[in-house]
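Asks: Quick note: the sequence shown uses the UniProt record's numbering, first residue 1, plus one each step.
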Amino acid sequence: MNRGKWMRHTCGYRLWSYVQTVLSGKVMVNYRDGVRDEPGLIVSCCPGCGQGLQMWWDDPTGDVVRAWEQRFQRMIDEAVG
Numbered sequence: 001m002n003r004g005k006w007m008r009h010t011c012g013y014r015l016w017s018y019v020q021t022v023l024s025g026k027v028m029v030n031y032r033d034g035v036r037d038e039p040g041l042i043v044s045c046c047p048g049c050g051q052g053l054q055m056w057w058d059d060p061t062g063d064v065v066r067a068w069e070q071r072f073q074r075m076i077d078e079a080v081g
């Protein structure tokens, strides 16, 4: 479940994101600074514009993890909107 993917924040900054943990109906998504074209430090705000990133998702049914694994763009758009 640690397979990640590149994504762009709305400001254009490149981030690496992946699902890290699933705890009692919640999912944590990590974002890493991607400035060097490889995953860097974990960030909770976009280094490009400073906007906070949504890291915890309520996921009582496992739908968020399934959507992430299936690479649905909608969830990423909500996270980095």
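Here a beta-carbon is modelled for each residue, glycine too, at the ideal position from N, C-alpha and C. These numbers come from a predicted model, not from an experiment.
1. Using 8 angstroms as the cut-off, can you tell me whether the stretch 7–16 makes contact with the stretch 48–58, which would need three or more C-beta pairs spanning the two stretches below that distance?
2. Just how far apart, CA to CA, sit PRO39 and LYS26?
3. Taking the alpha carbon of MET55 as the point to measure from, which residue in GLY34, ASN30 and ALA67 has its own alpha carbon closest?
4. Measure the C-alpha to C-alpha separation of PRO60 and SER24 and round it to an integer number of angstroms.
5. Counting along the chain, where does the alpha helix (DSSP H) carrying ASP63 start and finish?
Replies: Well, looking at it:
1. Counting C-beta pairs with one atom in each stretch, the stretch 7–16 and the stretch 48–58 have three or more that are closer than 8 angstroms, which means they touch.
2. One C-alpha to the other measures close to 24 angstroms.
3. For MET55, the nearest C-alpha among the options comes from ASN30.
4. Distance from the CA atom of PRO60 to the CA atom of SER24, rounded to whole angstroms, is 7 angstroms.
5. Run containing ASP63: 63–69, per the alpha helix (DSSP H) assignment.
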